[in-house]
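All remarks here apply to the structure that follows.
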Amino acid sequence: MHNLSLLIIILFLFNCHFQAQTEKTKYVYGGDKNFSPYEYLNEEGEPEGFNIDVIKAIAAEMQIEVEFKLGHWSQIREELERTNKIDISDMFYSSIRDSLVDFSIPFTIAYDEIFIRKNTKDINSLEDLYKKKAIVQNMSFVYDKLKKNYPSIDLITVESEPEALQLLSSGIGDCAILSQTVTRNIFQVKNYPNIIRAGSPIFPKEYAFVVKDGNSELLRIINNGLVRLKDKKILDEIEDNWFGQKEEEYKSIKTFVTYLIYLLIFLLLITSVIIGWNRSLKKQVLLKTASLLDAHKNFSDTLENMNEGFYLVNKNWTIININEHAAILLNKNSNEVLNKNLWEEFPHLKAHLYLAYIKSFEMQKISHIEFFFEPLERWYENRIIPSENGLAVFFRDITEKKKADEIIKESESNLKSLIENSTEAIWAIDSEYKFIIYNNILEKRFYEFFENPISKGMSAINFKRVEQNEFWKNKYDMALSGKKLSFEINIRNHNDLKYYEVYLNPIIIDKVVKGVSVFRIDITESKKREIQLTEAKEKAEKSDKLKTEFLAQISHEIRTPINNILNYTGLLSDKYSGKQDDDTQLIFESVASSSKRIMRTIDMILNMSEIQLGAYNSIIKKIDLIDDVIKPIMNEYNYNAIDKNIDLTFSSAYDKMFVNGDQYSLLQIFSNLIDNAIKYTKEGNVSVDASLNYDNEIVITITDTGIGISDEFLPNIFEPFRQEEQGYTRSYEGNGVGLALVKKYCEINNAIIEVKSSKLEGTTFTLYFELVK
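Per the numbering used here, the sequence shown starts with residue 487, numbered consecutively.
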């Protein structure tokens, strides 16, 4: 489990390290093919537009190579956020998008507008769209904004803004909410006489380039490029080329507010001059004034609905506008700070922001700064947008993000320490088989075994031993194909033989295998113990086999002369049967009994040898356990029981009980068990009972009233050559092989044997067989 946890940690660190080593100088810019004048495909299918020219200028300025890919915006955004196919794109800023991608400094501010058909009534603002259908571009800023903040609006999504206008013109939907700049360009190309604008512009938003989340190097290149283009007036030239001189109301939020106020005053003055001349003109001016006031209200509402803090300061650092979110973040009431000096209200801010604000205002450059605000013990991120009259500042609380960053840094430091302090070798290669990371253990072992120092960027398949190169290349290729694998290897260096267990895991980034991580464990000591155990086992098995072969040979040599003794004593006994006195008769009976005892011992030894050598060939067939096995054995031992004045009985509730078994070994099982029961019983009885249990198994019990077996000896009862009484003084004859044979024969017949016994109270052996229908 420890090794698995370490592997998971190592993979995480390798991914972080690997991504840091894959910087590019050629990037893919993805954009919307129908977003004129920002970006679009011209009649020849080539990318054109304001964004295209800006990116080309940045590429030339920063000496990078950019390839353009324009398509449906939903597809482009998907590829940017979830794959490696797109490196750069453009988006309107929102907090939701900021959590998915990283934004550059904004290079323009844009607005959206509501479009309706001329015969549509009662739609002048977003509040009028309750339960109405609005056409928007899929995955656009407006789509994200409405989906989150206006769930009551029924959204109809399309792939492009021209398509949205076509649908609206054809009678589909109640309105379309689209980019002001893009639609202006569309109306210049194609006329939609039945479509008009409704209300005032909405959603003021910063327009910026974006990169994949975490690609700080590319973001730095774009930001530096934008700053240089601004300094050299190249950005202004591109902007003038595509849009002409920008209207003052769109340059900054403060300029826009000032424009509205000046326009309002101008209209009021004109109204006062001509009020007596034309009553109808007065009415029109009043309507226009109301519209402008409504626009100002919508603008204020937009600021209040923002998820970021926002405030405006003039040249004298007076706060002339602040939204409620900003006041909450700064732990103030908005009315308390309005029209107050920024530095007097927040003296602690001056040390962090004053120089940045001055520089941004003097150079008229959009800037970005992060700082720690001591009174509130919080981190803030500021985006500073200058104008000729002051600064617009957007800011947000990033304390939790900072804490998370610190945790990640600490974790990475701990992970690096863990790898370096590991007692096992750890390394990783890229897709070209080059070392990208390794720890001290590998560095040391590498030199010891290959007499060559390791270094980053060095080939991991270029050893002095050619066979090693092919071996490791095959293993790396398997991991690079996405497979996890483990294996054992041994490496000999001079007289030192080492054994290792190796784990290979693919390093996967964005579903693409970028390299392989390797974890190697030294198992030399455990492997040597394993080899020693194997050798000892083989030696013991060989010794056991020699012992069995020896016993078989000796038993054969003894059996032949014993047979002769039995035969000749039998002949002599028969020849002098009428001439023998009692002592002579006793001698003949004793010789015959002893010879049979020796023969029985030899038979058991031979049978045990046959089983130990694996030479016994069983013949499995359907057998009636009662008629073919038990009854013949009962008849054979009935005379022995009568001689000892013991009752030998058999009972069964069934006439037939069939099993699949080997008849010879089954006969040996019951012969040994019944013989032992009679042998160790001085008086009483021996009973054999047959029945079926609840599992439909045949159950045979052999019970005697003999001397019993002690609890200490019961665990050893089935071991060969073991008897409870050992040596020449034991009370009963026997060789200790019989029950060992019974156990082996039970295994051959797939039977289970159990024993219960108490000293001086008797013994019960129970056999379980599978019933065959």
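Just so it is clear, CB atoms sit at the ideal spot from N, CA and C, and this is done for glycine as well.
* Comparing the C-beta of D584 with each C-beta of chain B, is any distance below 7 Å? -> Although the question refers to chain B, the structure presented lacks it and comprises just one protein chain.
* Asked: Looking at the unbroken beta strand (DSSP E) that takes in F847, where does it start and where does it end?
  -> Unbroken run through F847 is the alpha helix (DSSP H), P833 to M849; no beta strand (DSSP E).
* Scan the stretch 983-1030 and note each continuous beta strand (DSSP E) run of 3 residues or more that stays entirely inside, going in chain order. => 998-1008
* Exposed unless 16 or more other CB atoms sit within 10 angstroms - verdict on P833 -> exposed
* Can you list the beta strand (DSSP E) stretches of 3 or more residues lying completely in the stretch 910-940, in chain order? -> 911-916 and 921-924
* **Contacts around K737, its chain only, beta-carbon distance under 7 Å, and the 5 residues preceding and following it disregarded** => Because the pLDDT at K737 is just 46, under 50, the model does not fix this residue reliably, and the point stays unresolved.
* Asked: Any idea what DSSP makes of F1036, helix, strand or coil?
  -> helix
* To do: Could you tell me which of E1122, E1240 and D1114 sits nearest to F1251, measuring between CA atoms?
  => E1240
* Asked: Counting Cβ pairs closer than 8 Å, one from the stretch 599-606 and one from the stretch 661-676, do we hit at least three?
  -> yes
* To do: Taking Y1125 as the reference, give the member of Q1098, I1160 and I1106 with the closest Cα.
  => I1160
* **Other residues of its chain near L721: CB distance less than 8 Å, five sequence neighbours each side excluded** => V540, A543, F593, L712 and L715
* **N-terminal and C-terminal residue of the beta strand (DSSP E) that S560 is part of** => Here S560 belongs to no beta strand (DSSP E); instead the alpha helix (DSSP H) covers W559 to R568.
* Asked: So what's K959 in DSSP terms, helix, strand or just coil?
  -> helix
* Pull up the CB-CB distance for T619 and G659, whole angstroms please, since I reckon it's below 8 Å. => Residue 619 is actually Lys in this sequence, not Thr. About 4 Å; that satisfies the 8 Å criterion.
* Asked: In chain order, what residues of the same chain lie with their CB nearer than 8 Å to the CB of A842, ignoring the 5 residues before and after it?
  -> S853, I855, N868 and I870
* Reducing DSSP to helix, strand and coil, say where K969 ends up. => coil
* Asked: Contact check, G943 vs F921 under 8 Å by CB: the rounded distance?
  -> 7 Å
* To do: Determine the direct distance from the alpha carbon of Q561 to that of K519, and round the result to whole angstroms.
  => 11 Å
* If F695 and D576 are in contact, beta carbons under 8 Å, what's the gap, nearest whole angstrom? -> 5 Å
* Do you know offhand how far T1167's Cα is from T1046's? -> 32 Å
* Work out the CA separation of S1095 and Q1039 for me, nearest whole Å. => 10 Å
* To do: Alpha carbon to alpha carbon, how far is A890 from Y579? Give it in angstroms, no decimals.
  => 23 Å
* Asked: How many angstroms separate the CA atom of G1192 from the CA atom of L1099?
  -> 34 Å
* To do: Answer yes or no: do I681 and S665 have a C-beta to C-beta separation smaller than 7 Å?
  => no
* To do: Quick one: using the 10 Å Cβ neighbour count with 16 as the cut-off for buried, is N817 buried or exposed?
  => exposed
* Helix or strand or just coil, what does DSSP make of T1191? -> coil
* To do: Give every residue of the same chain whose Cβ lies closer than 8 Å to the Cβ of S1137, excluding the five residues on either side of it in the sequence, and list them in chain order.
  => S1173, V1174, D1175 and A1176
* Integer Cβ distance of N807 from L815, believed to fall under 8 Å -> Not confirmed; about 15 Å, so no contact.
* Asked: Taking just the CA atoms, how far does F554 sit from K740?
  -> Since pLDDT at K740 reaches only 45, below the 50 mark, its modelled position is unreliable, and the value read off the structure follows with that caveat. Those two C-alpha atoms are separated by around 35 Å.
* Asked: Looking only at its own chain, which residues have a Cβ that is under 6 Å from the Cβ of F880, when we skip the five neighbours before and after it?
  -> E794, F796 and R869
* Asked: Who are the Cβ neighbours of N545 in its own chain at under 7 Å, not counting the five residues just before and after it?
  -> Strictly speaking, residue 545 in this sequence is Ala, with Asn absent from that position. Excluding sequence neighbours, A545 sits near E551 and V552.
* To do: Can you tell me which of the three DSSP states K698 falls into?
  => strand
* Asked: Do the stretch 1048-1056 and the stretch 1003-1019 meet, that is, are 3 or more Cβ pairs less than 8 Å apart?
  -> no
* Asked: If you follow the beta strand (DSSP E) that G1248 is part of, which residue opens it and which one closes it?
  -> G1248 to E1256
* Return the chain-ordered list of same chain residues with a C-beta closer than 6 Å to the C-beta of G1213, the five sequence neighbours on each side being excluded. => Low confidence applies to G1213: its pLDDT is 34, below 50, so where it sits in the model is not reliable, and the reading given next is rough at best. There are no such residues.
* DSSP three-state call for T1055: helix, strand or coil? -> helix
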